Amino acid sequence: MATGFLRVKGTQIVDGNDTPIILRSSALGGWLNMENFLTGFPGMESGVRAAMQEVMGEERCNFFFDRWLYYFFTEEDAKFFQSLGLNCLRLPFNHRHLEDDMNPRVLKESGFRHLDRVIDICAKHGIYTILDMHTVPGAQNQDWHSDNRTNYAAFWDYKDHPDRTVWLWEQIAQRYKDNPWVAGYNPMNEPADPSRKLLAPFYARLEKAVRAIDPHHILYLDGNTYAMEWDGFHDVLPNSVYCIHDYSMMGFPEGELYRGTPEQDKKLESQFLRKCEFNLRHHEINRCRVALIHKQLQIYDSHGISWSTWPYKDIGLMGMVSTRPDSPWNKLVWPFVEKKQRLYVDGCLIKRSPEAEAVLERMAKWIDEVSPNAKATYPLNWDTKRHIIRAVFHTFLAASLYKEFAELFRGKTHEELEELAKSFCLEQCVLRDDLNKALHQYCKNR
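What follows is the structure, encoded as C-alpha cells:
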C-alpha cells in the first residue's frame with residue numbers, strides 16, 4: 001500500500017511519512033510511443049501506423065496493435081521488474097493515443113485503457129509510475145521520438161499547440177489526481193525550444209493549471225535542448241523535479257567503447273554535473289555498455305538522485321528484456337531492420353556504410369562551404385552531418401520505406417498477428433542478465 005503521495009521536500013523526494021525515497025526505474029519506451037529502433041519500423045509512429053492500416057485494413061490493424069500493447073507489459077513483467085528491486089516505471093505516451101489531431105480536445109478512451117491497465121498492474125506490485133508525454137501537439141523537438149514527421153518543432157510557434165497540451169494535462173490530472181501510485185507527471189519529453197525563452201514560462205503556466213486540479217503530484221520537468229541545458233530558467237516551481245537526460249555516446253554503437261579509463265570516468269561525471277548546473281544552483285559493445293551503466297549508477301548514487309534507464313524492452317539493442325532472435329516478430333522484420341541500419345534511417349541503430357558516409361560527407365562539406373552559418377542551426381550540438389541525417393534520412397528516406405514495411409503484414413490472419421504480438425510477451429523474450437544484474441546491484445538493500 002502506498003504511504004501517501006510522493007512529494008518534493010528540499011532536495012529530496014519523500015513519501016507520506018516524510019521518508020526520503022530514491023526512484024530507481026526504467027521506462028516503457030516503444031510502447032504507447034513507438035520508436036523505430038526499439039521495435040523495427042522505419043520513421044515515425046503515426047506514419048507507419050497509417051501505412052499499416054492501409055495495407056491491413058482498419059479492423060485487422062487495430063486488432064494487432066491492441067494485442068501488441070497488451071503483450072508488451074503484463075503482470076509477469078511487473079513481477080520481474082519488482083524482483084530486481086526497481087520501484088518506478090516511466091510510461092512514455094504519444095498524445096495521439098489520448099486525443100486526435102483531426103478531432104482535438106476529445107478524449108480517446110482506448111489509449112487510457114492501456115495506460116490504466118499498466119498503472120494498476122504496477123501498483124499491485126508496489127511499483128510507482130511516472131506519466132511521460134513523449135509527444136505533444138506540434139512536436140516539442142526536432143527528432144523522431146516526438147513523432148515528428150519533419151525536423152521542425154512547431155509546438156513553439158503556434159498558440160493552439162501549447163493550449164491543447166495544457167488542456168490534455170488537465171484531463172490527465174483529473175483522472176489520476178487521487179492515485180498515490182502515480183509518482184507524478186512529466187509534461188513533455190526532451191523539449192527543444194530554439195529561442196530558449198518559451199519553455200520555462202510554459203512550465204509555469206502548466207504548473208498552475210495542473211495544480212488547480214491536482215495539488216499533490218510531482219511535476220518532472222525536462223531541461224531544454226533534449227533535457228541537457230537550463231538557459232532561461234530562473235525560478236524553481238514548487239513540488240517539481242528538474243530532470244536531465246544523461247545519455248553517453250559511449251553507450252551507442254557509433255560512439256567510443258567505455259573502457260573505464262580515468263579520462264572517460266572524468267568525462268562522464270563532468271557531463272552529468274554540467275547538465276545538473278541549474279539544479280545545483282537551486283558481446284563487447286554490450287559488455288562495455290554494462291560497464292558504462294555501472295559507472296553512471298555509481299555517479300547517481302554518490303549524488304543521491306533518482307534515475308531511470310532506457311528502455312525496459314526492445315528487439316535486441318539495449319533493453320533489459322528483448323524479443324528472441326527466432327521469434328515470429330524478429331524473423332519477419334529483421335531483414336528489413338538490417339536494411340534500415342545500412343540506410344541510416346534510425347537515430348540509434350546505424351551500421352557504418354561507406355556508401356551512405358560518402359553521400360553524407362560530400363553533402364555536409366558542400367553545405368558548410370556555401371553556407372558557413374549552417375553550423376549555427378539549432379540544436380547547436382548537432383553538426384551539419386547530423387542535421388542532414390535528420391532532415392533527409394530520418395524523414396524523407398524513412399517515410400519512403402513505410403509501405404515496404406507495411407507490406408510485411410499483408411494477408412496476415414488474426415492468428416498470425418496474435419503470434420507476432422505475442423513475441424513481446426515476457427515468457428517468450430530473453431533477459432539481458434548482465435544488465436539486469438547491474439541494475440539489481442544498485443537497487444538491493446537501498
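Mapping the sequence shown onto the UniProt record's numbering, position 120 (from 1) lands on 120, and the numbers just tick up by one. Each residue gets a CB set at the ideal place from its N, CA and C atoms; glycine is no exception. Computed from a predicted structure; not experimentally measured.
Here's a check: name, in chain order, each residue in its chain whose Cβ is nearer than 6 angstroms to the Cβ of residue i, leaving out the five neighbours to either side.
i, result
"Asp-235", "none"
"Tyr-203", "Leu-221"
"Glu-427", "none"
"Leu-401", "Pro-42"
"Leu-297", "Tyr-442"
"Leu-280", "Caution is warranted here: a pLDDT of 45 is assigned to Leu-280, below 50, making its placement in the model unreliable, and no coordinate value can be reported."
"His-216", "Phe-5"
"Gly-10", "none"
"Gly-40", "Ile-315, Val-333, Val-337"
"Asp-231", "Arg-196"
"Trp-156", "Asp-193, Leu-198"
Assuming contact is defined by CB atoms lying nearer than 8 angstroms, are residue i and residue j in contact in what I supplied?
i, j, result
"Ser-322", "Arg-432", "yes"
"Trp-310", "Arg-24", "no"
"Met-363", "Leu-435", "no"
"Gly-138", "Ala-154", "yes"
"Asn-151", "Arg-324", "no"
"Leu-32", "Gly-85", "no"
"Gly-29", "Pro-92", "yes"
"Pro-42", "Ala-398", "yes"
"Arg-90", "Asp-132", "yes"
"Arg-149", "Met-52", "no"
"Pro-191", "Asn-224", "yes"
"Ile-213", "Gln-174", "yes"
"Phe-409", "Val-55", "yes"
"Ser-46", "Asp-147", "yes"
"Val-345", "Phe-393", "yes"
Give the single residue among the options whose Cα lies nearest to the Cα of residue i.
i, options, result
"Leu-98", "Ala-123, Met-228, Gly-16, Leu-107", "Leu-107"
"Trp-181", "Asp-163, Ile-119, Arg-205, His-114", "Ile-119"
"Tyr-128", "Gly-316, Asp-116, Asn-94", "Asp-116"
"Asn-20", "Arg-7, Pro-194, Leu-38", "Per the sequence shown, the amino acid found at residue 20 is Pro instead of Asn. Out of Arg-7, Pro-194, Leu-38, Arg-7 has the C-alpha closest to the C-alpha of Pro-20."
"His-95", "His-440, Arg-164, Glu-229", "Arg-164"
"Thr-135", "Glu-58, Met-34, Lys-351", "Met-34"
"Asn-141", "Asp-193, Asp-157, Val-241, Gln-12", "Asp-193"
"Leu-380", "Lys-444, Arg-196, Leu-237", "Arg-196"
"Lys-159", "Tyr-378, Asn-189, Leu-198", "Leu-198"
"Gly-57", "Lys-444, Glu-407, Cys-429", "Glu-407"
"Lys-444", "His-114, Ile-315, Asp-301", "Asp-301"
"Ser-83", "Trp-68, Ile-121, Ala-50, His-125", "His-125"
"Ala-50", "His-440, Phe-405, Cys-429, Val-430", "Phe-405"
"Thr-74", "Tyr-312, Lys-365, Ala-291, Tyr-176", "Tyr-312"
"Val-290", "Met-102, Lys-79, Glu-76, His-440", "His-440"
"Ile-305", "Val-241, Lys-403, Ile-218, His-114", "Val-241"
Excluding the 5 residues preceding and the 5 following residue i in the sequence, name in chain order all residues of the same chain whose CB lies nearer than 8 angstroms to its CB.
i, result
"Ala-374", "Ile-367, Asp-368, Thr-384, His-387"
"Leu-349", "Asn-36, Phe-37, Pro-253, Leu-317, Val-337, Lys-340, Gln-341"
"Trp-68", "Leu-420, Ala-421, Phe-424"
"Cys-243", "Asn-186, Tyr-220, Leu-221, Asp-222, Gly-223, Ala-227"
"Ala-27", "Leu-89, Arg-90, Leu-91, Pro-92, Asp-132, Ser-308, Thr-309, Trp-310, Pro-311, Tyr-312"
Where do the ends of the beta strand (DSSP E) carrying residue i lie?
i, result
"His-134", "128-135"
"residue 516", "The chain is shown only over 1 to 446; residue 516 falls outside these bounds and no answer can be derived."
"Tyr-242", "240-243"
"Lys-9", "7-9"
"residue 450", "The question about residue 450 has no answer here: the residues shown for the chain are numbered 1 through 446."
Start and end of the alpha helix (DSSP H) containing residue i?
i, result
"Gln-12", "Run containing Gln-12: none in the alpha helix (DSSP H); it sits in the beta strand (DSSP E), 12-14."
"Lys-403", "402-406"
"Thr-323", "Note, Thr-323: premise wrong, no alpha helix (DSSP H); beta strand (DSSP E) at 321-323."
"Ala-384", "Checking the displayed sequence, the identity of residue 384 turns out to be Thr instead of Ala. From DSSP, the alpha helix (DSSP H) with Thr-384 extends over 384-388."
"Leu-237", "It is not in any alpha helix (DSSP H) - Leu-237 carries neither H nor E in the DSSP assignment."
"His-125", "Neither: His-125 is in no alpha helix (DSSP H) and is coded neither H nor E."
"Ala-421", "414-422"
Give me, in chain order, the residues of the same chain whose beta-carbon lies closer than 7 angstroms to that of residue i; leave out the 5 immediate sequence neighbours on both sides.
i, result
"His-294", "Ala-438"
"Phe-63", "His-414, Leu-417"
"Tyr-71", "Ala-421, Lys-422, Phe-424, Cys-425"
"Asp-15", "Thr-3, Gly-4, Leu-6, Ile-21"
"Cys-61", "Met-52, Gln-53"
"Leu-206", "Val-166, Trp-169, Pro-187"
"Lys-351", "Gln-341, Arg-342"
"Gln-171", "Leu-107"
"residue 447", "Since the first residue shown for the chain is 1 and the last is 446, residue 447 is missing from the structure and cannot be characterised."
"Thr-395", "Arg-149, Thr-150, Asn-151"
Does any CB atom of chain B fall closer than 8 angstroms to the CB of residue i?
i, result
"Gly-29", "Among the chains in the structure shown there is no chain B, since it carries only a single protein chain."
Query raised in the report: At what residue ranges does the region 71-115 contain a whole run of the beta strand (DSSP E), taking only runs of 3 or more?
Result: Along the length of the region 71-115, whole beta strand (DSSP E) runs at least 3 residues long occupy 88-94, reported in chain order.
Query raised in the report: Residue ranges of each beta strand (DSSP E) run of no fewer than 3 residues wholly in the region 24-57, ordered along the chain?
Result: Correct list: 24-27.
**Report entry** Contiguous alpha helix (DSSP H) assignments of at least 4 residues, all confined to the region 194-234
**Finding:** If we require 4 residues or more, the alpha helix (DSSP H) runs fully inside the region 194-234 come out as 199-211, 224-227.
Report task. Please specify which runs of the beta strand (DSSP E), each continuous and at least 3 residues long, are wholly inside the region 171-196, giving them in chain order. Result -> Counting only runs of 3+ residues, the beta strand (DSSP E) found wholly inside the region 171-196 occupies 182-186, in chain order.
Query raised in the report: Whole beta strand (DSSP E) runs in the region 297-380 with 3 or more residues, listed along the chain?
Result: Every beta strand (DSSP E) of 3 residues or more that sits fully in the region 297-380 is shown, in chain order, as 321-323.
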